[in-house]
Every structure is written in C-alpha cells, then in structure tokens.
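Enquirer: Position one of the sequence shown corresponds to residue 41 (the working numbering), numbered consecutively onward.
Note that beta-carbon positions come from the ideal geometry of N, C-alpha and C, so glycine has one too.
Let me give you the structure first, and then I'll get to my questions.
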Amino acid sequence: MVYRTPEERAANPDRLNLDRRRLAVCPILEGEEQLRLLNYQHNLISRIDNLSCMKRLIFLDLYDNHIDQISGLDALKSLRVLMLGKNRIKKILNLNSLTKLDVLDLHGNQISCIENLNHLTELRVLNLAGNCIRRVNKLSGLEALTELNLRRNQISTVTDVEGLPSLQRLFLSFNEISSFDDIMCLGDSSMLSEISLDGNPFASDPNYKQTVLSFMHQLKQFDMKRVSDEDHRSAVMKAKKEENKKKETTKVSIMKERRRLAISNARRHWEVNQGSLIHRTSKLVQSAMPELYANHVASVPNAELGIENDNESDTRSSTSHLDHLSELEGDTLTLYGMGALEALDKNWGMQAAGVITSIAFKFIEFDEISKVLHKIRVRFPNVTSLSFTSTNICFLHQLNCLSQVRRLDQLTIEAEGNPLTSFVLWRTYALFRLAHFSMKKVNNQEVSAADIVNAEKFFGTLSHMTTSQLPHSRLLTLLGEKKKQLLAEDKQRKPTLLESIKTPDRTSESVGRAGLTYTSPDVALQKTQDQQARKAFVSSYLSGLAKEAITADQRQVAVRQAWSQILTDMVHQLVAEMWDSKTYMKRCLEEIEQS
41 MVYRTPEERA
51 ANPDRLNLDR
61 RRLAVCPILE
71 GEEQLRLLNY
81 QHNLISRIDN
91 LSCMKRLIFL
101 DLYDNHIDQI
111 SGLDALKSLR
121 VLMLGKNRIK
131 KILNLNSLTK
141 LDVLDLHGNQ
151 ISCIENLNHL
161 TELRVLNLAG
171 NCIRRVNKLS
181 GLEALTELNL
191 RRNQISTVTD
201 VEGLPSLQRL
211 FLSFNEISSF
221 DDIMCLGDSS
231 MLSEISLDGN
241 PFASDPNYKQ
251 TVLSFMHQLK
261 QFDMKRVSDE
271 DHRSAVMKAK
281 KEENKKKETT
291 KVSIMKERRR
301 LAISNARRHW
311 EVNQGSLIHR
321 TSKLVQSAMP
331 ELYANHVASV
341 PNAELGIEND
351 NESDTRSSTS
361 HLDHLSELEG
371 DTLTLYGMGA
381 LEALDKNWGM
391 QAAGVITSIA
401 FKFIEFDEIS
411 KVLHKIRVRF
421 PNVTSLSFTS
431 TNICFLHQLN
441 CLSQVRRLDQ
451 LTIEAEGNPL
461 TSFVLWRTYA
471 LFRLAHFSMK
481 KVNNQEVSAA
491 DIVNAEKFFG
501 TLSHMTTSQL
511 PHSRLLTLLG
521 EKKKQLLAED
531 KQRKPTLLES
541 IKTPDRTSES
551 VGRAGLTYTS
561 PDVALQKTQD
571 QQARKAFVSS
581 YLSGLAKEAI
591 TADQRQVAVR
601 QAWSQILTDM
611 VHQLVAEMWD
621 SKTYMKRCLE
631 EIEQS
C-alpha cells in the first residue's frame, strides 16, 4: 500500500511518481482516485493490478518492468497514454475498453504479430519497435494513426499501410526488407511525409534512395534527413531511366523467349513430319536403306514415331503459331522452319540485301528450298555461303539445283537430318557439279587441287553420258552462243559437235555438268499432270476429228447411192412441168417479173 500525506497530495493532486522503487506488484493506492498521471517506471512489476479505482487516469507508464501479459486495464476507460515498453509481453490483448487511447508504446517486448488494435479509432501513435514482428498487417480501423514505429523487428513485407488515411510518419529501419516490391503499398499512402528504411538489406543498393523517392513523391523526411526538390527531380529522372531499361530488358527477354519457342516448334514440326513419313514407309526403308532409316530415327523422339496419327500431329502443331523464324545476325541470314522461306520475298532494301553473304537453312525440306534458290540469285547478289541443317538431303542429284545461285565459295551440309552425308563421295560430287563456282570450303574443309582432280575422275564420264543422251532442243539450251551459231550455220556438223562434247575439253565439261539437273517431286508431278492433261486434250481432239470425217464419208456414200434415182425423179418432174409449153412459159414469165 502507498499512502501520501495531505501535504504531499496537495502538492501534486493528479500525479504520482513511483519509479525505481523496486516494486514487485502494483501497490494499493488509497485515496488517489483523482490521479491523472501514474508512473511505475523501472520496477519489478510482473502483473498490472489495483487500478480499478483510477477512473480519471489518462497517463499510465509501466516502462521497464517484468510484465508478461496486458491485463487489469478494463476500468481505465479515460486512459489516453499507455507506456508498456521494455517488458516481456508476447501478445497484444485486453485493450478493448481503452477506446480513448491516443498513444500506445509496446516497444522492446516479444510481440510477433500485430493484432487486436482495430477498435482503437483515436490512436495516433503506435510504437512496436524492438519486437519480433515479421509482417505488417491487420491495421485496418486505425483511422487516426499518424505515427507508426516498427524499427528493429524482423519485417520482410508491409501491407495494409495504404489503408491508414492519417499516417504521416513510418519508421521501418533495421528490418529484413530485401526489395522495394515488399513495401510497394507505401506508394499509395498519400499523407506519408516521413519514413526511415535504413538498415534493411535493400538499403545497400546504390539506387535505393532514388527508387523510394520516385514512388513516394510526397516525402519530406527520408532516413531522418530532409528531402529537397532536387532530390525528387533526380529520383524521377533516375526512375524513368530504370523504367526504360527495365522495359528494354523485358523486351529482349520476350524476344529471346519467342525466338526459343519458334526454333523449338520448327524443330518439332520437322521431326514430326519426318517421323510420320518414315512410319508410313518403314518397311520399305528398313529393308532397302537401313542406314537412312537409322539416321532419321535418331533425330525423331520415340513418342513421335508413328504413335500419334496425322490428326494428332496437326493438333499439336496448331498449339502455337510461332513455328518459323527468320533471323539476321551480322552478315548471316538464318531461316528456321518452312514458313521462314517467305523472308526471301521480303523487301530487304539494297543496303540490307547487300550485307548478307551467308544463308543457313534449318528444319526445312530441301525440296521446298530448291524452289526458291533462284530468288537468292536475284535478291542477295553477295551471298557466297550456304548451310543446310536438318533439311533431309538424301540424294546426290539434289545438289544439282545449287547451281542456280550466283556465287558459292563455301557449302556446309550438316550430318544432322541430312542422310546424304553418310555417303562418302557426296563432297566429291558437290565439287564436280559446282566446279564453276571454284569453291574454297566444303563442310569447313579447304578444297585442294587434288580434290578437284578426283571429282572429275569419279564423275566426269557421267556428265558426258548425260549430255550425249539429251534431245537436240535441250542441247541447244545448254550450249554456248558460239556452238549455237555453228549448229545454225551447218546442220551437217551436228554429229561432229556431239562427238566433240564427248571429248573432255573445257567447254564440253561445263555443258556436261549443266545436263545434270534436279527436279523436285512436286514439280515433276506437276509436269506429269500437265503432260497427261495435254495427252487427254489431244486424244479428245483427234477423236472429234475422226468422228466428223466418218460422218462426212457416210454422207458421200449415201449421196452416191441415191444419185441415180434423184436424177430420174428430177427429169420426170421437169418433163411433167413442161408438157404444156404455153402454161410453162407463162409461169416462167410471171416468176421473172416478180423477181
């Protein structure tokens, strides 16, 4: 029990200071019902008690005691300031009756969660520094809160703060906030004018201050320092630069992802098509060309080798329209997927087209490529290098169509997806057929004089035989202007000329190679169909002429057979008409007059 003399009570009727008295409990205060300020600082009190008679108390200070639970305050409905800092409190509770509370100090305790404060609508200052709080939330209802101190906690995320309409000062120093994204909601707090964030992990970022100020334009104090207009302007400019940089980075990332997806889809579509083709002809291929079959199967996933039908493949292919890509990097144009061939029809402009010296084809059927090789000659005059990866080059004569380009210094045919590379003489044939280009490299190997001699040795006779079997009209197309003039001047010299072609001279060699051509299956099929259509038309036309001739002949025979009888009938009719000569003459005169 604490008892004051009348003189002591008269000196301070509304105040009682009991700090540093080594009190273990709250004493009974007899006759102190008029107290408005009560100080129990720096004692050993573990339980709040004996305050039920303090109806007028507005300030209660229990700082630095041993209190582990908030209790015994239900009667203090007029209390405005409650100081419970540096105690052992673990949970916020039993404050329901303190609706008039203006200041609540709970710093230096063991509180881990903000709770049970929503009813304190008049609370202006809340101090929770030095606790174990990890997340800032559950602050709705604190309409009058202007200052919130959360220093020295374990906070990593801040939410609900934007719902405090009166908040002006917020202290979050020395927590575990690692990114401004964790406190992004603070940018929506229009009244916030002072904030401290120093001591957090993200405060070590060189752009830390500019980042915060760019989102919180209304700040006047930051980390206990005044914020000038120049700081705001600098932050805004820095933020714009960072935003542009971020947009550019995002754009690059999107482009990289689209590129990866397009290449992946192009590869998958090509492999599915190869797998479907092999599955339909597997018996023939396995029995006749086991190596070719093995090469194809090696590049096709097992799940796509005939396990799904064509309709399923079409469904999978339609999942994304990014199934081709045309990419220009430096002087190399790379085409991925069938649709990328459309890039050859694009209006590149003279400067861009002139820069391109190398074209790479990937995941495209070679028969489709052969149809557009002539465009390379026209649109990209400086192209000197061609590369083929996964293009299904299977036969030597497919290389013949490469002669359509203007110039070729380097040729690369990767083993992946090109069964032709398993044939050891393909490189030799390429050097022979494309000898007029004087290529320097084939599959990154230097071309030597010995390679050219071996090419002529292996395939020279083939070219002479091919030319000797050409029809005269085709031969005229392949021969040079000089040979054409000789043929026009003296047709008798044709056998001699053909014999000269068989002789291995320089002109005949070029003509012989020109006779080695390649027609894709689609073009050959179209020519066959056109030829069949012409045959059908000719047959129909000749059949009509024959029918007309037969009909005319039948009519002539019938006329010959009936002519004698017709003549007899005509004579009889004429004699009958002229039997009465006067009547006949009169009728003839009348007809003349009428005419």
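Going by C-alpha to C-alpha distance, which of N484, I404, S398 sits closest to R446?
Expert: Against the sequence shown, residue 446 aligns to sequence position 406. For the residues N484, I404, S398, the minimum Cα distance to R446 belongs to S398.
Enquirer: Please state the DSSP three-state secondary structure of E521.
Expert: As a working note, residue 521 is residue 481 in the sequence shown. Low confidence applies here, because E521 scores a pLDDT of 44, under 50, leaving its location unreliable; read the following figure in that light. Helix, per DSSP.
Enquirer: What number of angstroms, rounded off, separates the C-alpha of Q438 from the C-alpha of K291?
Expert: Along the sequence shown, one-based indexing puts residue 438 at 398. Along the sequence shown, one-based indexing puts residue 291 at 251. Going by the C-alpha atoms only, they are around 41 Å apart.
Enquirer: Given a cut-off of 7 Å on the beta-carbon distance, is the pair I165 and V143 in contact?
Expert: Counted from its first residue, the sequence shown places residue 165 at position 125. Counted from its first residue, the sequence shown places residue 143 at position 103. For the sequence presented, residue 165 should be read as Val rather than Ile. Cβ distance < 7 Å, so V165 and V143 count as in contact.
Enquirer: Using a threshold of 7 Å, state whether the C-beta atoms of W310 and S430 are closer than that.
Expert: In the sequence shown, the residue the question calls residue 310 occupies position 270. In the sequence shown, the residue the question calls residue 430 occupies position 390. Cβ atoms of W310 and S430: closer than 7 Å.
Enquirer: Please classify Q74: does DSSP put it in a helix, a strand, or coil?
Expert: The residue you call residue 74 lines up with position 34 of the sequence shown. Three-state DSSP puts Q74 in coil, outside helix and strand.
Enquirer: Where in the segment 220-260 do unbroken runs of the beta strand (DSSP E), each at least 3 residues long, occur, reported from the N-terminal end onward?
Expert: Within the segment 220-260, the complete beta strand (DSSP E) runs of at least 3 residues are 234-236.
Enquirer: Who pairs with Y624 in a beta bridge, going by DSSP?
Expert: Here the question's residue 624 lines up with position 584 in the sequence shown. DSSP lists no partner for Y624.
Enquirer: May I have the straight-line CA-CA distance separating V42 from S92, to the nearest angstrom?
Expert: Mapped onto the sequence shown, residue 42 falls at position 2. Mapped onto the sequence shown, residue 92 falls at position 52. For V42 and S92, the distance between alpha carbons rounds to 15 Å.
Enquirer: Do L384 and K415 have their C-beta atoms within less than 7 Å of each other?
Expert: As a first step, residue 384 must be located in the sequence shown, where it is residue number 344. As a first step, residue 415 must be located in the sequence shown, where it is residue number 375. Closer than 7 Å, so yes.
Enquirer: Expressed to the nearest angstrom, what Euclidean distance is found between the alpha-carbon atoms of T139 and L113?
Expert: Working through the sequence shown from its first residue, we reach residue 139 at position 99. Working through the sequence shown from its first residue, we reach residue 113 at position 73. Taking the straight line from one Cα to the other gives about 12 Å.
Enquirer: Sorted by chain position, which residues of the same chain lie with C-beta nearer than 7 Å to I303's C-beta, five sequence neighbours on each side aside?
Expert: As a working mapping, residue 303 is identified with position 263 in the sequence shown. Excluding positions up to five away in sequence, the list reads L365, Y376.
Enquirer: Apart from the five residues on each side of it in sequence, which residues of its chain come closer than 7 Å, Cβ to Cβ, to E183?
Expert: One-based indexing of the sequence shown puts residue 183 at position 143. Closer than 7 Å at Cβ, skipping near neighbours: T161, P205, S206.
Enquirer: Suppose the cutoff is 6 Å on Cβ atoms and the five residues either side in sequence are ignored; what does the same chain contact list for T289 look like?
Expert: Reading the sequence shown from its first residue, position 249 is the one you call residue 289. So the list is empty, once near-sequence residues are dropped.
Enquirer: With burial defined as no fewer than 16 other Cβ atoms inside 10 Å of the residue's Cβ, what is the status of E47: buried or exposed?
Expert: In the sequence shown, counting from the first residue as 1, residue 47 sits at position 7. E47 is exposed by the Cβ-count criterion.
Enquirer: Could you tell me whether the segment 416-435 touches the segment 444-460, using the rule of 3 or more Cβ pairs below 8 Å?
Expert: The answer is yes - the segment 444-460 touches the segment 416-435, with three or more Cβ pairs under 8 Å.
Enquirer: Going by DSSP, what residue range makes up the alpha helix (DSSP H) through E647?
Expert: With the chain represented from 41 up to 635, any question about residue 647 goes unanswered, as that position is not in the structure.
Enquirer: Mind checking C66: buried by the 16 CB within 10 Å criterion, or exposed?
Expert: Your numbering for residue 66 matches position 26 in the sequence shown. Counting Cβ neighbours within 10 Å, C66 comes out buried, since at least 16 surround it.
Enquirer: Quick one: residues in its chain with C-beta nearer than 6 Å to the C-beta of N422, no 5 flanking neighbours on either side, listed in chain order?
Expert: Locating residue 422 in the sequence shown gives position 382, where the first residue counts as 1. Same-chain partners within the cutoff: G394, T397.
Enquirer: Starting from D101, trace the beta strand (DSSP E) both ways and give me its first and last residue.
Expert: Walking along the sequence shown from the start, residue 101 turns up at place 61. Segment 99-101, the beta strand (DSSP E) holding D101.
Enquirer: Distance, Cα to Cα, L168 vs L259?
Expert: As a position in the sequence shown, residue 168 is number 128, starting the count at 1. As a position in the sequence shown, residue 259 is number 219, starting the count at 1. Answer to the nearest angstrom: the Cα atoms are 22 Å apart.
Enquirer: Using only CA atoms, which one of K126, C434, D407, L116 lies nearest to L652?
Expert: With the chain covering 41 to 635 only, the question about residue 652 has no answer from this structure.
Enquirer: From the DSSP output, read off the bridge partner residues of A400.
Expert: Residue numbering aside, residue 400 sits at position 360 when the sequence shown is read from its first letter. For A400, which the question treats as bridged, DSSP gives the partners T374, S427.
Enquirer: I need the straight-line Cα distance from A602 to R595, nearest angstrom please.
Expert: As a position in the sequence shown, residue 602 is number 562, starting the count at 1. As a position in the sequence shown, residue 595 is number 555, starting the count at 1. Each residue's Cα considered, the two are about 11 Å apart.
Enquirer: Just mark S269 as buried or exposed, buried being the case when its beta carbon has 16 or more other beta carbons within 10 Å.
Expert: Here residue 269 refers to the residue found at position 229 of the sequence shown. Correcting the residue identity first, residue 269 is Asp in this sequence and not Ser. Exposed, because fewer than 16 other Cβ atoms sit within 10 Å of the Cβ of D269.
Enquirer: Should D89 be labelled buried (16 or more other beta-carbon atoms within 10 Å of its own) or exposed?
Expert: Position 49 of the sequence shown, counting from 1, holds the residue named residue 89. With fewer than 16 Cβ atoms within 10 Å of its Cβ, D89 is classed as exposed.
Enquirer: Considering only residues of the same chain and omitting the five flanking positions on each side of E216, which have a CB-CB separation below 6 Å?
Expert: Translated into positions along the sequence shown, residue 216 becomes position 176. Closer than 6 Å at the Cβ level, and outside the excluded window around E216, lie Q194, S196.
Enquirer: Which residue marks the beginning of the beta strand (DSSP E) containing I453, and which one marks its end?
Expert: Counting from one through the sequence shown, the residue named residue 453 turns up at place 413. Note, I453: beta strand (DSSP E), 450-453.
Enquirer: Under 8 Å: do the segment 578-589 and the segment 463-479 share three or more Cβ pairs, one atom per stretch?
Expert: These segments do not touch.
Enquirer: With a CB to CB cut of under 6 Å and the five nearest residues on each side skipped, what residues in its chain are close to L69?
Expert: For the purposes of this step, residue 69 is taken as residue 29 along the sequence shown, with counting starting at 1. For L69, where only same-chain residues beyond five positions count, the Cβ hits under 6 Å are V42.
Enquirer: Residues bridged to S366 by DSSP?
Expert: The sequence position of residue 366 within the sequence shown is 326, counting from 1. S366 pairs with L375.
Enquirer: Quick one: grab the DSSP three-state call for D114.
Expert: One-based indexing of the sequence shown puts residue 114 at position 74. Residue state, collapsed to three classes: coil.
Enquirer: Under three-state DSSP, which class holds D54?
Expert: Your numbering for residue 54 matches position 14 in the sequence shown. Coil, per DSSP.
Enquirer: Look at the alpha carbon of N313 and the alpha carbon of F403, and state the distance between them as a whole number of angstroms.
Expert: Walking along the sequence shown from the start, residue 313 turns up at place 273. Walking along the sequence shown from the start, residue 403 turns up at place 363. The straight-line gap from Cα to Cα measures roughly 10 Å.
Enquirer: Rounded to the nearest angstrom, how far is the Cβ of S219 from that of F242, given a contact under 8 Å?
Expert: Within the sequence shown, the letter at position 179 stands for residue 219. Within the sequence shown, the letter at position 202 stands for residue 242. Correct: roughly 5 Å between the Cβ atoms.
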